[in-house]
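Top to bottom, those sequences are chains A and B. So the first sequence is numbered by numbering that gives the first Met the number 0: it starts at 0 and just counts up by one. So the second sequence is numbered by numbering that gives the first Met the number 0: it starts at 0 and just counts up by one.
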Amino acid sequence: MPKKILILYAHPAQDQSEVNVQMFAKALNIEHVTCVDLYAEYPQHDINVELEQERLRQHDVVIFLFPLYWYSTPAILKDWMDLVLEYNFAYGKQGKVLEGKVLLPVISAGGAEVAYQEDGYNHFSIRELLRPLEQTANFCFMQFIAPFILFGARTAVEEGRLSDHLRRWHTLLQALIDDRVNIDKAKDLEHLSVDFEGILQ
Amino acid sequence: MTVYFIQAFIYLCAAVIAVPIAKRLGLGSVLGYLIAGVVIGPVTGLVGSETVTIQHFAEFGVVMMLFLVGLELEPRMLWEMRNKLIGLGGLQVGLSTALIMSGCLLLGLDWRMSLAIGMLLSLSSTAIVLQTFQEKGLSKSEGGKSAFSVLLFQDIAVIPMLAFIPLLAMPELAGSVVAGEDDHHGSVDLVSHLPGWLYGLVVLASIAVVVVGGRFLCRPLFRFIAETGLREMFTATALMLVIGIAALMSLVGLSPALGTFLAGVVLANSEFRHELETDIEPFKGILLGLFFITVGAGINFGVISDNMLIVGAAVVGIMLIKAAVLFSLARLFRITRHDGWLFTLSLAQAGEFGFVLLSFTVQNHVVSQEISNILSPVIAITMFLTPLLFILFDKVVLRFYEQSEEEKSVDDIADKGTVIVAGIGRFGQIINRLLIANDIPTVVLDYSSTVIDNVNKVNMKTWYGDASRPDLLHTAGIEEARLLVVAIDDQHRAVDMVKHVKEFHPHVTVLARAFDRAHGYDLSSAGADMVISETYYSALELGGEALKALDVHPFKAEQMKMAFSKTDHESREEVYQEWLKGDGDNRFTRSWITLFLEIEQRLVAAIKRNRIEGHDRSESGWTPPPKDYLDEFD
Chain A
0 MPKKILILYA HPAQDQSEVN VQMFAKALNI EHVTCVDLYA EYPQHDINVE
50 LEQERLRQHD VVIFLFPLYW YSTPAILKDW MDLVLEYNFA YGKQGKVLEG
100 KVLLPVISAG GAEVAYQEDG YNHFSIRELL RPLEQTANFC FMQFIAPFIL
150 FGARTAVEEG RLSDHLRRWH TLLQALIDDR VNIDKAKDLE HLSVDFEGIL
200 Q
Chain B
0 MTVYFIQAFI YLCAAVIAVP IAKRLGLGSV LGYLIAGVVI GPVTGLVGSE
50 TVTIQHFAEF GVVMMLFLVG LELEPRMLWE MRNKLIGLGG LQVGLSTALI
100 MSGCLLLGLD WRMSLAIGML LSLSSTAIVL QTFQEKGLSK SEGGKSAFSV
150 LLFQDIAVIP MLAFIPLLAM PELAGSVVAG EDDHHGSVDL VSHLPGWLYG
200 LVVLASIAVV VVGGRFLCRP LFRFIAETGL REMFTATALM LVIGIAALMS
250 LVGLSPALGT FLAGVVLANS EFRHELETDI EPFKGILLGL FFITVGAGIN
300 FGVISDNMLI VGAAVVGIML IKAAVLFSLA RLFRITRHDG WLFTLSLAQA
350 GEFGFVLLSF TVQNHVVSQE ISNILSPVIA ITMFLTPLLF ILFDKVVLRF
400 YEQSEEEKSV DDIADKGTVI VAGIGRFGQI INRLLIANDI PTVVLDYSST
450 VIDNVNKVNM KTWYGDASRP DLLHTAGIEE ARLLVVAIDD QHRAVDMVKH
500 VKEFHPHVTV LARAFDRAHG YDLSSAGADM VISETYYSAL ELGGEALKAL
550 DVHPFKAEQM KMAFSKTDHE SREEVYQEWL KGDGDNRFTR SWITLFLEIE
600 QRLVAAIKRN RIEGHDRSES GWTPPPKDYL DEFD
């Protein structure tokens with residue numbers, strides 16, 4: 000039984016995107032993957048809560064695909080969380096709909112990896128910065144796994160790093176569908192590329 | 000009278016049968032007309048010597064065609080192509096003349112006769128080439144544009160040639176020519192007796208009349224006619240303009256084609272351009288067709304079979320020489336790959352001006368009657384072969400380059416395509432401004448010249464014309480358009496327009512402005528892809544302002560607007576289906592009204608529930624969990 004994947008893609012300026020647009024396009028025609036461009040579907044942030052909750056019910060893995068904005072998600076993903084993850088749906092006594100599902104952030108970050116350290120200019124590791132997301136997943140009984148990140152995203156194309164990243168992205172999606180990702184291992188990494196081969200079974 | 004009817008019927012009948020068949024077989028319409036001509040002329044003998052007279056009349060089609068070509072060409076574009084015009088055109092005429100002349104000299108002809116033959120054969124057929132370009136959509140290609148500049152130069156070159164040829168007269172021929180050869184170009188001629196300097200002044204003055212008149216007189220005239228709202232008056236005015244200029248040019252001994260071309264260029268910037276094109280187009284089409292038929296009918300098989308070898312050799316020789324010249328010019332001017340081949344193959348024939356000059360040379364005792372009798376079918380045959388060369392281009396050259404050029408097509412996809420905006424009143428203006436601000440090319444049509452005047456003042460380029468006319472949509476480029484925005488006032492016309500476009504151009508997405516609910520449904524059932532009621536969103540906006548004025552929090556007011564809009568939108572389909580069940584005249588049946596009231600209730604309920612209970616699914620809620628929810632987590 001293949002796992003079903005839901006990609007919630009949030010990018011407010013896609014005509015300027017170099018990384019996320021390509022990643023989204025790569026995922027579009029893969030079987031068992033549902034791709035949702037949130038800014039396209041809700042240009043006025045008028046999120047259809049019922050529809051989004053139904054989508055969550057239908058899928059096993061939820062991926063947030065976004066560029067890192069001020070150490071967090073773009074606004075519409077926050078709106079999406081505020082509106083869709085309702086009491087007695089995502090949390091609370093009767094709110095067990097998301098139990099056991101996997102939440103995976105897929106991120107492009109401007110800074111280099113060395114910046115996301117105690118002595119780097121961002122001072123915190125990416126895992127630390129993503130704690131709000133991690134705790135949201137925990138609160139909703141979901142399994143949060145380490146983010147799949149492209150650091151230094153502004154120059155990835157020029158430095159020829161994008162094609163490798165896209166290839167890995169495709170491999171990762173396929174492995175998630177086939178349930179070949181070691182979730183327990185993936186939970187503990189700083190980010191998935193630290194031991195990419197290691198988490199694939 | 001009866002004779003004319005029968006003749007007209009024969010010509011039309013031949014065209015109606017031959018052209019669609021030729022088109023179906025991929026031969027193009029020009030070849031179809033030519034074949035039709037051959038069948039009714041030399042083969043069956045249905046028509047006889049009157050074809051020559053008809054041909055002179057039909058040449059007016061060429062004049063109209065150049066008017067239309069001029070309309071497509073703004074003065075700025077003409078100025079930009081000046082290098083090509085003089086360089087390419089000048090070299091083509093010069094080199095072809097020189098080579099053909101040397102060929103004639105080698106055959107032992109007199110140098111004066113050789114030079115005249117060289118000049119008249121260096122010209123190509125504007126009629127066939129432009130017509131075929133248009134049909135195959137090649138006008139905008141690099142090869143097409145280069146070929147056009149050569150043709151234009153040739154049309155201009157005819158004037159000095161006409162002046163020059165009498166100087167080549169050979170006294171020994173003077174006695175042998177049969178008098179009375181009819182010169183259609185100017186049996187009425189006002190200027191032949193004038194001295195050179197005065198003639199020059201007259202020529203300049205007439206050109207000035209065309210340019211200045213076109214610039215300053217035509218627009219008020221057309222505006223005046225447009226305000227009467229009589230379509231046939233507009234057509235009559237357009238015809239009057241073209242014929243008047245042709246007459247003026249003939250009177251002063253200039254080429255009528257050149258004069259109307261100039262007038263076209265002058266009018267290319269005017270808002271009446273598309274309407275003029277639409278009105279003249281059918282006349283041009285029929286006259287040109289007639290012209291091609293007469294070329295076919297005029298082929299004299301007797302002369303050909305008597306001089307089989309000479310005619311054959313001449314045809315091959317001329318086309319090879321012209322093609323060689325064109326090919327080297329293409330190389331020289333870097334017209335590469337398939338464009339170079341198009342340039343070479345399309346212009347390798349002799350043209351209709353060749354016939355004109357040929358009879359002119361005979362009259363002026365430059366070329367002997369015997370030579371002329373041979374050259375005439377030679378010119379006709381080269382014209383006959385041209386459509387075949389176009390087929391060669393399609394089947395061989397394009398195929399060859401298609402395979403090597405597949406990666407280039409990415410550019411085409413990036414091209415956004417144009418948008419046609421019908422109606423530039425209060426509604427259309429906003430749409431057009433938004434599109435233009437985003438660098439999207441639009442073609443705007445409106446039929447109120449007052450409105451056009453006003454928007455042209457603020458630099459919004461608008462064409463005059465009734466946008467609900469299918470032929471006007473055609474000239475506006477509906478075939479290549481991606482979108483049609485219907486923003487005209489007239490409700491019935493709007494519906495007809497949507498219906499027509501959806502039927503004949505299903506690839507075009509149609510967005511329409513509705514006057515009210517019923518009109519919106521009409522537009523939907525006519526096939527519009529998206530319908531917006533003209534007052535809906537502004538009313539909603541003002542309603543939101545009303546809520547805010549009553550101290551509802553702005554963000555809350557926004558949510559209320561969205562909830563309203565969403566509920567209304569969701570019920571739209573349901574109401575529309577109910578409306579469809581009613582009959583044509585009275586769609587608003589009792590059950591429709593019941594449904595409408597029910598939906599109104601639903602709307603109120605949705606909003607009220609949200610307002611009082613603070614929780615509703617039909618809009619974003621940002622609803623906090625119950626006050627005691629923390630107990631669960633201890």
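In this text, a Cβ means the ideal position worked out from N, Cα and C, and glycines have one as well.
Where residue i falls: helix, strand or coil (DSSP)
i      : result
A/T142 : The sequence shown places Gln at residue 142 of chain A, not Thr. A/Q142 falls in the strand class under three-state DSSP.
A/A111 : coil
A/F150 : coil
B/M529 : strand
B/S523 : helix
A/F65  : strand
B/T461 : coil
B/A17  : helix
A/S71  : strand
B/Y3   : helix
A/P104 : strand
A/L188 : coil
B/T441 : strand
B/T234 : helix
A/L5   : strand
B/A421 : strand
A/D194 : helix
B/E612 : Here the model assigns B/E612 a pLDDT of 46, short of 50, so the residue's position is not dependable, and the following value carries that caveat. Helix.
A/R179 : coil
Separation of residue j from residue i, as counted between CA atoms
i      : j      : result
B/L197 : B/L203 : 10 Å
B/L122 : B/A17  : 28 Å
B/D154 : B/V264 : 15 Å
B/W20  : B/V46  : With the sequence shown as reference, residue 20 of chain B is identified as Ile, and Trp is not the correct amino acid for it. Roughly 21 Å separates the two Cα atoms.
B/Y628 : A/G91  : 7 Å
B/L374 : B/V310 : 8 Å
B/A349 : B/V209 : 30 Å
B/K498 : B/E533 : 20 Å
A/M141 : B/R425 : 54 Å
B/A7   : B/S28  : 19 Å
B/E151 : B/L129 : Per the sequence shown, residue 151 of chain B should be read as Leu rather than Glu. Distance between the alpha carbons of B/L151 and B/L129: 11 Å.
B/A237 : B/V294 : 28 Å
B/L30  : B/P386 : 6 Å
A/G109 : A/I29  : 28 Å
B/I530 : A/V193 : The question names Ile, but residue 530 of chain B is Val in the sequence shown. If I take the Cα positions, the gap works out to 53 Å.
B/R363 : B/E49  : For the sequence presented, residue 363 of chain B should be read as Asn rather than Arg. Cα to Cα, B/N363 sits roughly 24 Å from B/E49.
B/R637 : B/I127 : This structure cannot speak to residue 637 of chain B, because chain B is shown only from 0 to 633.
Cβ-Cβ separation, residue j to residue i (assumed contact under 8 Å), whole Å
i      : j      : result
B/M318 : B/L391 : Actually they do not touch by this definition, with Cβ atoms about 12 Å apart.
B/G297 : B/A379 : 6 Å
B/S467 : B/D495 : 6 Å
B/V420 : B/G427 : 5 Å
B/G464 : B/F342 : About 34 Å; that fails the 8 Å criterion.
B/A347 : B/L397 : Rounded, the Cβ-Cβ distance is 17 Å, inconsistent with contact.
Closest by C-alpha distance to residue i, when choosing among the options
i      : options                           : result
B/R481 : B/D465, B/I439, B/V128 and B/F300 : B/I439
A/F195 : A/T154, A/R153, A/A155 and A/L149 : A/L149
B/R81  : B/S249, B/F147 and B/R492         : B/F147
A/A39  : A/L103, A/I75 and A/F88           : A/I75
A/V60  : A/Y41, A/I176 and A/E189          : A/I176
B/L634 : B/T277, B/G136, B/F215 and B/V149 : Past the edges of chain B, shown from 0 to 633, lies residue 634 of chain B, and the structure says nothing about it.
A/Q57  : A/W69, A/Q15, A/V101 and A/F147   : A/V101
B/F223 : B/N268, B/E479, B/G136 and B/T449 : B/T449
B/G252 : B/M561, B/A162, B/K83 and B/Q490  : B/A162
B/I242 : B/L108, B/T441, B/L541 and B/M63  : B/M63
B/D393 : B/I39, B/M232, B/I244 and B/L137  : B/L137
B/Y32  : B/V15, B/E226, B/D109 and B/A246  : B/V15
B/V157 : B/C217, B/A262, B/F359 and B/E71  : B/F359
Output the residue ranges of the alpha helix (DSSP H) runs that lie fully inside the stretch 10-94 of chain A and measure 4 residues or longer, sorted by chain position. 19-27, 37-40, 48-57 and 74-83
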